[in-house]
Structure formats: C-alpha cells, structure tokens
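First to last, the sequence lines map onto chains A and B.
For the first sequence, my numbering gives the first residue as 412, with consecutive numbering after it.
For the second sequence, my numbering gives the first residue as 412, with consecutive numbering after it.
Working notes, beginning with the structure itself.
Number of protein chains: 2
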Amino acid sequence: MGESSFNCIHMPSFGEAEVVLRDGIERRRMVVIVGSCVINYHGRASSTLTRGERLVIVKPDGSIQIHRPWDVSPVNWQPPGCIFHVDVVDDGLRLRAVRIKPREVVDVIFDKITILVCCTLVDEGDFSLYASELDMQKAIIAYPNIIEDGLKIISFERHVDPGFIDLYGLDSKGRLVILEIKRRVADKSAVLQLAKYVNEVKSRSPYREVRGILVAPGISKGVQSLLSSLGLEFKRLDPKRCSEILNKSSGSVDLKKFIQGSHRS
Amino acid sequence: MGESSFNCIHMPSFGEAEVVLRDGIERRRMVVIVGSCVINYHGRASSTLTRGERLVIVKPDGSIQIHRPWDVSPVNWQPPGCIFHVDVVDDGLRLRAVRIKPREVVDVIFDKITILVCCTLVDEGDFSLYASELDMQKAIIAYPNIIEDGLKIISFERHVDPGFIDLYGLDSKGRLVILEIKRRVADKSAVLQLAKYVNEVKSRSPYREVRGILVAPGISKGVQSLLSSLGLEFKRLDPKRCSEILNKSSGSVDLKKFIQGSHRS
DNA sequence: TGCTAAATCTCGAAC
DNA sequence: GTTCGAGGTTTAGCA
C-alpha cells in the first residue's frame, strides 16, 4: 500500500523490457504484457503459434498464460512453479517458461511490445462457492418427490446429539427418514456420519422404523457395500439439477416459513 | 496498424473509467483492468469473493475473466457472448457481465482502479498442436507395421453403435483388429471403451475372430490384468514417435484419399 | 507424490 | 441450440 506498487512502460526497447520484465518476475509481481509474438511449446504435446498480438500474463506463483483476443482459456500456458528466462535474441525478446516435471517449455518471442505492466496485487479476499448443499436442501424441501414418491420433509438442520441432521422426514409408509446430503461424491465418512444419526434416532424411538438415505451426486468405490452392511440407502441427486429446479421454481423457497412448521414437531 | 490501437489510463476516477471501459467494450477491444474489487456470481452455482486486487480481462468476443495473483484459471469468468453493463454505483464502478442461456451474472464492483488498458489486438496467427491422437492415427495408417507386421488398416473413425472405432483393420491371418488409440497413459475407461467396440463387432460377425488392441504410450496400474481378463491386447506407442514418423514421411498422410478406400469395405 | 473423480470445467463437432 | 466427447484438460481430495 505504502510504496508505489506498479510501473508501466509503453513501447519499450527490448533492452528496457528485458530489465523490467526480469525484475518483475524476480520480485514476484504480476506482469502483464501486450505485444506481438510467436509462441512455441514442447512437452506432453507440441504446438506452434505464428506471429500475432496477444496478452501475456506472468503471475507471482510462477504461472504464465498467453491469451488471444478470443476464448476464455489461454492458447498456451504453464502452471505455477515455472522457472523463467528472459533474453534478448535476434531483434526480439524471448520469455521462456520451463516446467520441470513433466519437462515442458513455453517460449514467447516478442517482436514488438506495446505495453508492459508490473504490479503487486494484494489479494486477501475470501472466495466461497456455495453451489449446493443448501440449494440441494431447498430443492428437496420444495420437491421431496425428487427423492422418492410420498416423502414428506418434517424439519431440516435438526439437532441431534452427534450434530445436525440435514433433512428429516416421513416416507409414504410413515417411517422416519434421515437424509444426509453431500454436494460431491460421498465417501465413507459421509456414510458413518449418516449411521451415527440413524443410530441416535433409533435409540430415541426404539419402536419406530428408521431409514437413512445418503443423497449425493455419486458415491466412492466401496461405499455401496458399506451402506448395505449398515442397512442404509443411497439416492443419486445432482446439485446442478437442484439449482435448475430452484431456478424454475416460481417463488424462492422460504426456509423461514418452513422452520416455523418444523418447530411444531 | 495505422491508427493508435491502444490507450491506457492510470488511477482514473470512476467517471473516467466508466467512459473508457464502456467505449472499449462497445468497440470490441481487449480491455485489461488492474484494481481492487469484490465479485459476485449467480448462475448454475453462486459465489462471492471479498475485496482484493485482481486483474480483469474483457475480450472482444464478449468473454470476461477475473484473475487472482495465483493459478492459471480465473477465479470467476463468463464465456463469450456476454452482455455487459458498466455503471457507477455507490462510490464504485460496477462491471456486470450477463450470460443469457443459461442465465448467469457476474458482477465486478471496483472500489479502486489502478490501471485500465484498452487495445485492439490484431492476431491472424495460426495455431497448431502436434502429437495429438490424430497424429497417432495418421502414423499408424501410413505405417501399420509400427503396431505389428502384416497389419492392414481398413478404415478409421468407423461408426459402431457405442461410438467410433479409432482404427479398424485386418491382421496377417485375416482376423479383424480393432484399435483404440490414446495419446496418453490409458486407464480402465479406455479398456472398457475398447471392450464395447469389440463386443459390438463380435455380435455382428459371430463367426469371425476379432482382436482388440489398446494403443497408447502406457497403461495405468491394474489395466494389464483387466485387458487380459477381457482377452484384449496392449501395444505401446509413443505419440512423439508418431510425430517424428510423420515429419520424416515425405508427403502428408492423405486421410481423404484413405476414406475412399475405406468406403469399399 | 501419484491416482481418481469432479468441474460455473472449456471447446469443438455432430445432430 | 443441444448433446457428446476430448483435453498439454485443471483442480480438488485421498491413499
């Protein structure tokens, strides 16, 4: 914040650019270059790109990407951890990014540099992607039939001793149903979590039948047999489908309203 | 080339930035912004990113991507064809990218703009990627002996019910040969794919012997036993060697001509 | 570190 | 426009 954290040079000579670029990379700053270049790649595959104007980005983590004026993904790139070499060669400036394992090399040879920007990006922001588990809950609450016909949801995030049951309901035959929801492929731990809740509920309601259903887009290998041995079930449900269902749903699912209903029980 | 094809403003006011950014987008130029921002995304999933300094790129094709100081892939993005809205809001500048189908919105709200660059990138370069699966096909077609002596290729990309057989041929003893080609280490899925094709062909030609060969630079652990149990074979072939073979080959392999031959069968 | 599975995958081609 | 399959996939989660 205090010191100047960026510099920017226009139409530099290759000598100037060499100094600034090398310095920017060494000091682990973000480097952005617009210029005319050719690109060669050799590694798992090989590629060439003849001359044209592109945007080149070198990040502090040692990754590089070369962008053409179209498409989201770069035409060439190198993942974090590269070793860079900057050299003036044959009336041009060569930026070489070397990946050690697997051995891969990307060469960017500039014949013209329009602009070169080096800057320090301070980014302590928190990123959160909340695609799903909540959306999956909402979708099931709004349309319990996506789990099975006749299912009725009684409450959600219901507290029991080991934690919180995602969804709690009754099936068409009046049996208690405990739903454990995962937004990704469920592993063994998810099954054990569900088993704990089921056992807890069974111990409190010894004369009722209690079903436990693991709801997820898929299950890891071996999980099906574990489920079977514990008398639990699996219902495949795609988080994306839940989003779609919610988007199509005319009004938003009102969890607050639902909470009141659930408090009755 | 003739007219100045870029402009660059440092630490602009939101009003200035609004004008330049909107103009740059409308004129379909490449726009690069370094600044402090928060980002919200709603669509197939949802995400939030709290304040921090990032690099934002808007391309002439109507795509946008937001880069943090690490990782090759952007933290948020929107594919080509977006509709953009630029507005000054609450002491900030909001850049909104809307995708119509599926409905998705990315909002970038800047509280500080360090630098804003608009430029026209002229890029008519040709990109070519070598040592692809196609190259392996071509090399095998040109020199079937690299698989085994006496092999004759009958057709390629032949359609059968589950999909397309990479290469289809006859061995020295007149048996049908199905080749599944992978340019990388082949895993279980490649074997199952090959098995499907072999079974399909066997069911159509119940009185012919049918061999299935997986062609790849290597196979994952455990794949050999799966191959054996299914009565399939593995032939090691390096994609790079295929490139070399093709490069040494005097003329290019004429697939069109080959297609005519394959139509006979 | 190496492998397996998911991704707002991206991207291109076929239908 | 939608679906299907491949990718220098990339990325995340485990063994």
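Ideal Cβ positions, reconstructed from N, Cα and C, are used throughout, including at glycine.
Since this is a predicted model, take the numbers as computed values, not measurements.
Residue from B/422, B/565 and B/452 whose Cα sits closest to the Cα of residue 541 of chain A: Within the first sequence, numbered from 1, the residue matching residue 541 of chain A stands at position 130. That would be B/452, whose Cα lies nearest to the Cα of residue 541 of chain A.
Looking at residue 626 of chain A and residue 648 of chain A, is the spacing between their C-beta atoms short of 8 angstroms? Along the first sequence, read from residue 1 onward, the residue named residue 648 of chain A stands at position 237. Along the first sequence, read from residue 1 onward, the residue named residue 626 of chain A stands at position 215. Closer than 8 angstroms, so yes.
Compute the distance between the beta-carbons of residue 491 of chain B and residue 455 of chain B, then report whether it is under 8 angstroms. Along the second sequence, read from residue 1 onward, the residue named residue 491 of chain B stands at position 80. Along the second sequence, read from residue 1 onward, the residue named residue 455 of chain B stands at position 44. No, they are not a contact pair.
What residues from chain A crowd round residue 386 of chain B, counting only those whose CB sits closer than 7 angstroms? Residue 386 of chain B cannot be examined here, being either before or after the span of chain B that is shown, 412 to 676.
Mapping the DSSP letters down to three states, classify residue 428 of chain B as helix, strand or coil. Taking the second sequence and counting its residues from 1, the one referred to as residue 428 of chain B is at position 17. Helix at residue 428 of chain B.
Going by the beta-carbon positions, is the gap between residue 497 of chain A and residue 433 of chain A smaller than 8 angstroms? Counted from its first residue, the first sequence places residue 497 of chain A at position 86. Counted from its first residue, the first sequence places residue 433 of chain A at position 22. In this structure, residue 433 of chain A lies closer than 8 angstroms to residue 497 of chain A by Cβ.
Give the interface partners of residue 479 of chain A over in chain B, defined as CB-CB distance under 9 angstroms, in chain order. Looking up residue 479 of chain A in the first sequence gives position 68. Within 9 angstroms Cβ-Cβ: 470, 532, 534, 536 and 538.
Do you know offhand how far residue 551 of chain A's Cα is from residue 605 of chain A's? Sequence index remark: in the first sequence, residue 551 of chain A carries index 140 (1-based). Sequence index remark: in the first sequence, residue 605 of chain A carries index 194 (1-based). Each residue's alpha carbon lies about 17 angstroms from the other.
Taking only beta-carbon positions, decide if residue 474 of chain A is within less than 8 angstroms of chain B. Counting from one through the first sequence, the residue named residue 474 of chain A turns up at place 63. For residue 474 of chain A, the answer is yes, since a Cβ of chain B falls inside 8 angstroms of its Cβ.
For residue 470 of chain A, which of B/473, B/461, B/510 and B/480 has the nearest alpha-carbon? Indexing the first sequence from 1 puts residue 470 of chain A at position 59. Closest by alpha carbon: B/480.
Have a look at residue 412 of chain B and residue 464 of chain A and give me their C-alpha separation to the nearest angstrom. Walking along the second sequence from the start, residue 412 of chain B turns up at place 1. Walking along the first sequence from the start, residue 464 of chain A turns up at place 53. Bear in mind that the predicted position of residue 412 of chain B carries a pLDDT of just 47, short of 50, making it too unreliable to give a figure here.
Nearest residue (CA-CA) to residue 537 of chain A, options B/495, B/562, B/487 and B/501: Residue 537 of chain A sits at position 126 when you count from the first residue of the first sequence. Comparing Cα positions, the closest option is B/487.
Could you round the C-beta distance between residue 590 of chain A and residue 578 of chain A to whole angstroms and report it? I think they count as a contact, below 8 angstroms. Residue numbering aside, residue 590 of chain A sits at position 179 when the first sequence is read from its first letter. Residue numbering aside, residue 578 of chain A sits at position 167 when the first sequence is read from its first letter. Correct: roughly 4 angstroms between the Cβ atoms.
Please classify residue 618 of chain B as buried or exposed, where buried requires at least 16 other C-beta atoms within 10 Å of its C-beta. For the purposes of this step, residue 618 of chain B is taken as residue 207 along the second sequence, with counting starting at 1. So residue 618 of chain B counts as exposed.
By Cβ distance below 6 angstroms, which residues in the same chain neighbour residue 525 of chain B in space, the five residues on each side in sequence not counted? Residue 525 of chain B sits at position 114 when you count from the first residue of the second sequence. So the qualifying residues of the chain are 445 and 446.
Which residues share a DSSP beta bridge with residue 437 of chain B? Working through the second sequence from its first residue, we reach residue 437 of chain B at position 26. In DSSP, residue 437 of chain B forms no bridge with anything.
In terms of DSSP beta bridges, what is residue 629 of chain A paired with? Stepping through the first sequence from its first residue, residue 629 of chain A is reached at position 218. Partner(s): none; residue 629 of chain A has no beta bridge.
Runs of 4 residues minimum, wholly inside the stretch 547-626 of chain B: which ones carry the alpha helix (DSSP H) assignment? 599-615
In its own chain, which residues sit with a C-beta less than 7 angstroms from the C-beta of residue 461 of chain A, not counting the 5 before and 5 after it? As a first step, residue 461 of chain A is located in the first sequence; it is residue number 50 there, counting from the start. Cβ neighbours of residue 461 of chain A beyond the five flanking positions: 449.
Just to confirm my understanding: we take residue 503 of chain A, look at its own chain, exclude 5 residues before and 5 after, and list those with CB closer than 8 angstroms. What are they? Translated into positions along the first sequence, residue 503 of chain A becomes position 92. Only 425, 520, 521 and 522 meet the Cβ criterion.
Could you have a look at residue 457 of chain B and say whether DSSP puts it in helix, strand or coil? Position 46 of the second sequence, counting from 1, holds the residue named residue 457 of chain B. Reduced to three states, the DSSP call for residue 457 of chain B is strand.
So, is the C-beta of residue 529 of chain A closer than 8 angstroms to a C-beta in chain B? For this step, residue 529 of chain A is matched to residue 118 along the first sequence. No, because no Cβ of chain B sits closer than 8 angstroms to the Cβ of residue 529 of chain A.
From A/478, A/474, A/459 and A/472, residue whose alpha carbon lies closest to that of residue 468 of chain B: Numbered from its first residue, the second sequence carries residue 468 of chain B at position 57. Comparing Cα-Cα distances from residue 468 of chain B to each of A/478, A/474, A/459 and A/472, the minimum goes to A/478.
Minimum C-alpha distance to residue 677 of chain B - residue among A/644, A/459, A/422 and A/418: No answer is possible for residue 677 of chain B: the residues shown for chain B start at 412 and end at 676.
Within the stretch 499-547 of chain B, ranges of the beta strand (DSSP E) (whole runs, at least 3 residues): 503-510, 515-530 and 538-541
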